[in-house]
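*Asks:*
Number of protein chains: 2
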Amino acid sequence: MSEQAERAETFLRGLQDRICAGVEQIDGRGRFVEDAWVREGGGGGRTRVLTDGDVFEQAGVNFSYTQGKSLPPAATARKPELTGASYVAASVSLVLHPRNPHVPTTHANVRYFEANKPDMEPVWWFGGGFDLTPFYPHDEDVRHWHTVANDLCTPFGSDVYSRYKKWCDEYFYLKHRDETRGVGGLFYDDLNEGGFERCFAFTQAVGEGFLNAYLPIVERRKAMPYGEREREFQLYRRGRYVEFNLVYDRGTLFGLQSGGRTESILMSLPPRVRFEYAYEPEAGSAEAQLAAYLKPRDWV
Amino acid sequence: MSEQAERAETFLRGLQDRICAGVEQIDGRGRFVEDAWVREGGGGGRTRVLTDGDVFEQAGVNFSYTQGKSLPPAATARKPELTGASYVAASVSLVLHPRNPHVPTTHANVRYFEANKPDMEPVWWFGGGFDLTPFYPHDEDVRHWHTVANDLCTPFGSDVYSRYKKWCDEYFYLKHRDETRGVGGLFYDDLNEGGFERCFAFTQAVGEGFLNAYLPIVERRKAMPYGEREREFQLYRRGRYVEFNLVYDRGTLFGLQSGGRTESILMSLPPRVRFEYAYEPEAGSAEAQLAAYLKPRDWV
Chain L
1 MSEQAERAET FLRGLQDRIC AGVEQIDGRG RFVEDAWVRE GGGGGRTRVL TDGDVFEQAG
61 VNFSYTQGKS LPPAATARKP ELTGASYVAA SVSLVLHPRN PHVPTTHANV RYFEANKPDM
121 EPVWWFGGGF DLTPFYPHDE DVRHWHTVAN DLCTPFGSDV YSRYKKWCDE YFYLKHRDET
181 RGVGGLFYDD LNEGGFERCF AFTQAVGEGF LNAYLPIVER RKAMPYGERE REFQLYRRGR
241 YVEFNLVYDR GTLFGLQSGG RTESILMSLP PRVRFEYAYE PEAGSAEAQL AAYLKPRDWV
Chain S
1 MSEQAERAET FLRGLQDRIC AGVEQIDGRG RFVEDAWVRE GGGGGRTRVL TDGDVFEQAG
61 VNFSYTQGKS LPPAATARKP ELTGASYVAA SVSLVLHPRN PHVPTTHANV RYFEANKPDM
121 EPVWWFGGGF DLTPFYPHDE DVRHWHTVAN DLCTPFGSDV YSRYKKWCDE YFYLKHRDET
181 RGVGGLFYDD LNEGGFERCF AFTQAVGEGF LNAYLPIVER RKAMPYGERE REFQLYRRGR
241 YVEFNLVYDR GTLFGLQSGG RTESILMSLP PRVRFEYAYE PEAGSAEAQL AAYLKPRDWV
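Chains as they are written, first to last, in the numbering used here: chain L, 1 to 300; chain S, 1 to 300.
1. Could you check what DSSP says for G42/L in three-state terms: helix, strand or coil?
2. Does DSSP put F187/S in a helix, a strand or coil?
3. Between D52/S, Y241/S and A90/S, which lies nearest to Q16/S when the distance is taken from Cα to Cα?
4. Out of curiosity, what's the CA-to-CA distance linking G41/L and Q67/L?
5. If you draw a straight line from the C-alpha of Y236/S to the C-alpha of E276/S, how long is it?
6. So if I threshold CB-CB distances at 7 Å, which residues from the region 169 to 195 of chain L count as touching chain S?
7. Quick one: is G157/S buried, meaning 16 or more other Cβ sit within 10 Å of its Cβ, or exposed?
8. List, in chain order, every chain L residue whose beta-carbon is nearer than 8 Å to that of T262/S.
9. Can you find a CB in chain L that lies within less than 9 Å of the CB of D277/S?
10. May I ask you to report which of helix, strand or coil DSSP gives T47/L?
11. Could you tell me whether any Cβ in chain L is nearer than 9 Å to the Cβ of E243/S?
12. Would you mind telling me which residues of chain S sit closer than 8 Å to P270/L, beta carbon to beta carbon, in chain order?
13. Among the residues of its own chain, which have a CB less than 6 Å from the CB of T47/L, if the five just before and after it don't count?
14. Applying the criterion that 16 or more other CB atoms from any shown protein chain within 10 Å of the CB defines a buried residue, is V38/L buried or exposed?
15. If you measure beta-carbon to beta-carbon, which residues of the region 39 to 67 of chain S are closer than 9 Å to chain L?
16. Assuming contact is defined by CB atoms lying nearer than 9 Å, are Y136/S and L290/S in contact in what I supplied?
17. Please go through the same chain and pick out, in chain order, the residues whose beta-carbon is closer than 6 Å to the beta-carbon of L5/S, but skip the five residues on each side of it.
18. In angstroms with no decimal places, state the Cα-to-Cα distance between Q58/S and N150/L.
19. Using a cut-off of 7 Å between C-beta atoms, extract the partners of L294/S located in chain L.
20. For the alpha helix (DSSP H) containing E263/L, name the first residue and the last one.
21. Can you find a C-beta in chain S that's less than 9 Å from the C-beta of L132/L?
22. Could you work out which residue in L174/S, A213/S, A288/S and G84/S is closest to N116/S when comparing CA atoms only?
23. Taking the CB atoms as reference points, tell me whether L71/S and L82/S lie closer together than 9 Å.
24. Alpha carbons only, please: which of D249/L, Y214/L, H176/L and R198/L is nearest the one belonging to R143/L?
25. Output the distance between the C-alpha atoms of P225/S and F210/S, rounded to the nearest integer angstrom.
26. Return no unless some Cβ of chain S is closer than 9 Å to the Cβ of M267/L.
27. Should the region 158 to 175 of chain L be regarded as contacting the region 232 to 250 of chain L, the criterion being three or more beta carbon pairs within less than 8 Å?
28. Could you check if P137/L belongs to the surroundings of the ligand ZN, using beta carbon to heavy atom distance under 8 Å?
29. Based on DSSP bridge pairs, tell me the residues matched to W125/L.
30. Quick one: list the residues of chain S neighbouring V23/L, beta-carbon separation under 9 Å, in chain order.
31. Rounded to whole angstroms, how far is the Cβ of T203/S from the Cβ of V110/S, which I believe are closer than 8 Å?
32. So what does DSSP say about S93/S, is it helix, strand or coil?
33. Residues of chain L with a CB under 7 Å from the CB of D35/S: which are they?
34. List the residues of chain L that L256/S touches, going by C-beta distances under 7 Å, in chain order.
35. Secondary structure at R272/L, three-state DSSP: helix, strand or coil?
Below, the structure is given as structure tokens:
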């Protein structure tokens, strides 16, 4: 393994620990249970899942590390010059499903990738981001979320936030519903501009920034009262999360198709979900207000 | 429209009526509500959904009829000689989600397709089938299901049942779980051997045979007692149904990608679902017995 890959992996393992600690602390009751697993062919992971917490109905934080002798077709299709290269991939990926419908669902991922071929300089890149999926959105929360995202991007260039915010809106888009998955955040991939140190520092800023963006929102909303109506709307909207992850999400589909560990990949799915034919919220209701948040908007 | 397409369409509309009547009768309480809709570009449909019945938590029976000026890429990829052809497609498609976990979920579909190009003989084919997804399988039910399937195939050739049974096992397969969606049934596509009359008669036999295959199983199981344990297992297994439909099912994905009516396509999704990380049924339990049924097996 290269020194770069080692540093990225060490950071990602530590990030998983820090995020799990932060989630357990705000939950108060729930504790993560870890499955450490080994991947045939090289690598492995630590899948951590917290269920039935006070705040989180389910929280999954996955670290995985893959070594492969030959890049899979899905990767070489985008980068044909890497056909036959060996590779290292490491990532932390999480999805948090809160119980209270006033607390948004969230997802974050940071990842490092490196390909090696004889007679070729190693090729590496980072990717990552985080995005927020509220059921009953509050402007204050969404502004805070995007402000944290913007602030962590600023040291890396004045256009970084707006580019990665746009990429996030485009990536988390359900074409068949003509709506975004939520209110967005950051998304980037193939990042290797400006050298390893800069890209690594940016990815660290995204990974470490996640809890700063999310926890204040949880703190504000976790004790808000709700009833069956809000719960049913949350279960219904979680159905869109399932639709996105299984129909569009490249990470999920690539993982399932390439023989990844199914349980770790699908731990992103919500614990309980409801689908309803032709549901429409009542005009003017709290539920009807969500639609306006599922179109890209400037928040900073 | 050709006379053939007109006959197929008339049959399919009538089939939707007959199946809905049969489902309402055995349910006793639930009634279908119809949405008639028009497709931009030509055609339309009648989506019928029954919710909160005594037997069926949700039942969807969809008729749709599409006229198009130019075959979509997904169809011409398989049949490049039809590039630029106009087409007519008509189908009945249904998914029934029972409330009682002892009653299996089921799906059926029959369809007719016709492509026309100047200076070319019209090209047509039929497709269809039905399949069964039990939660607590009973051999008696599965044997009955496959016996009806076999009997309706026999007049059309001694190898028809075994070929279409195998095709069904292969089609309804979740690679990432290494299991079939259920205990199979019949699946066929591109059928135009032996002339229109023979293929139409076979498709009529499949469509009309569905209730004969399914209703006796419902009758036997609908009053069986069950509790929270069986309900929770049913909700969990419905998650696999969602996984199949959104990750693999060509009809669903083609429909969503080609701008079909989303609500009609996704009415196949179960009303309530549960996902659980790394769930394993207790060894020797009733729930553990299902796995043995999710490998292809001879039933006749």
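We put the beta carbon where it would ideally sit given N, CA and C, even for glycine.
*Replies:* Working from what's here:
1. The sequence position of residue 42/L within the first sequence is 42, counting from 1. Three-state DSSP puts G42/L in coil, outside helix and strand.
2. In the second sequence, residue 187/S corresponds to position 187, counting from 1. In this structure, F187/S counts as strand in the three-state DSSP scheme.
3. Walking along the second sequence from the start, residue 16/S turns up at place 16. Per the Cα distances, A90/S.
4. As a first step, residue 41/L must be located in the first sequence, where it is residue number 41. As a first step, residue 67/L must be located in the first sequence, where it is residue number 67. One C-alpha to the other measures close to 7 Å.
5. As a first step, residue 236/S is located in the second sequence; it is residue number 236 there, counting from the start. As a first step, residue 276/S is located in the second sequence; it is residue number 276 there, counting from the start. Distance between the alpha carbons of Y236/S and E276/S is about 7 Å.
6. H176 and R177
7. The sequence position of residue 157/S within the second sequence is 157, counting from 1. Classification for G157/S: exposed.
8. Along the second sequence, read from residue 1 onward, the residue named residue 262/S stands at position 262. Within 8 Å Cβ-Cβ: H176 and R177.
9. For the purposes of this step, residue 277/S is taken as the residue at position 277 of the second sequence. It is worth fixing the name first, because residue 277/S is Tyr in this sequence and not Asp. Judged by the 9 Å Cβ criterion, Y277/S is in contact with chain L.
10. In the first sequence, residue 47/L corresponds to position 47, counting from 1. DSSP places T47/L in strand when its eight states are reduced to three.
11. Here residue 243/S is taken as the residue at index 243 of the second sequence, counted from 1. By this cut-off, E243/S is an interface position.
12. Position 270 of the first sequence holds residue 270/L. What P270/L touches in chain S: F275.
13. Mapped onto the first sequence, residue 47/L falls at position 47. Correct list, in chain order: D35, N62 and S264.
14. The count along the first sequence starts at 1 and reaches residue 38/L at position 38. Residue environment analysis places V38/L among the exposed positions, since fewer than 16 neighbouring C-beta atoms fall within 10 angstroms of its C-beta.
15. T47, V49, T51, Q58 and G60
16. Counted from its first residue, the second sequence places residue 136/S at position 136. Counted from its first residue, the second sequence places residue 290/S at position 290. Yes; because the gap between Cβ atoms is below 9 Å, this pair is in contact.
17. Your numbering for residue 5/S matches position 5 in the second sequence. For the record, residue 5/S in the displayed sequence is Ala; it is not Leu. Closer than 6 Å at Cβ, skipping near neighbours: V88 and E114.
18. For the purposes of this step, residue 58/S is taken as the residue at position 58 of the second sequence. For the purposes of this step, residue 150/L is taken as the residue at position 150 of the first sequence. So the two alpha carbons sit approximately 45 Å from each other.
19. For the purposes of this step, residue 294/S is taken as residue 294 along the second sequence, with counting starting at 1. Per Cβ cutoff of 7 Å: no residues; L294/S is ~15 Å from chain L at best.
20. As a first step, residue 263/L must be located in the first sequence, where it is residue number 263. Per DSSP, E263/L belongs to the alpha helix (DSSP H) from T262 to I265.
21. Sequence index remark: in the first sequence, residue 132/L carries index 132 (1-based). By this cut-off, L132/L is not an interface position.
22. The residue given as residue 116/S occupies position 116 in the second sequence. From the listed residues L174/S, A213/S, A288/S and G84/S, the smallest Cα separation to N116/S is found for G84/S.
23. Sequence index remark: in the second sequence, residue 71/S carries index 71 (1-based). Sequence index remark: in the second sequence, residue 82/S carries index 82 (1-based). Their beta carbons are under 9 Å apart, which means L71/S touches L82/S by this criterion.
24. Indexing the first sequence from 1 puts residue 143/L at position 143. Comparing Cα-Cα distances from R143/L to each of D249/L, Y214/L, H176/L and R198/L, the minimum goes to Y214/L.
25. By one-based count along the second sequence, residue 225/S stands at place 225. By one-based count along the second sequence, residue 210/S stands at place 210. Each residue's Cα considered, the two are about 26 Å apart.
26. Position 267 of the first sequence, counted from the first residue, corresponds to residue 267/L. At a cut-off of 9 Å, the C-beta of M267/L has a neighbouring C-beta in chain S.
27. Result yes; three or more Cβ-Cβ pairs closer than 8 Å.
28. Absent from the structure shown: the ligand ZN. Ligands present: none.
29. In the first sequence, the residue the question calls residue 125/L occupies position 125. Beta-bridge pairing links W125/L to F113/L.
30. If you number the first sequence from 1, residue 23/L lands on position 23. Result: empty, since nearest Cβ-Cβ is about 15 Å, beyond 9 Å.
31. Within the second sequence, numbered from 1, the residue matching residue 203/S stands at position 203. Within the second sequence, numbered from 1, the residue matching residue 110/S stands at position 110. At roughly 5 Å, the Cβ-Cβ gap stays under 8 Å, so T203/S and V110/S are in contact.
32. On the second sequence, residue 93/S is found 93 positions in, with the first residue counted as 1. Reduced to three states, the DSSP call for S93/S is strand.
33. Taking the second sequence and counting its residues from 1, the one referred to as residue 35/S is at position 35. For a Cβ distance threshold of 7 Å, residue set A278 of chain L lies close to D35/S, ordered along the chain.
34. Here the question's residue 256/S lines up with position 256 in the second sequence. Residues of chain L passing the Cβ test: H176 and V247.
35. Working through the first sequence from its first residue, we reach residue 272/L at position 272. Here R272/L sits in strand by DSSP.
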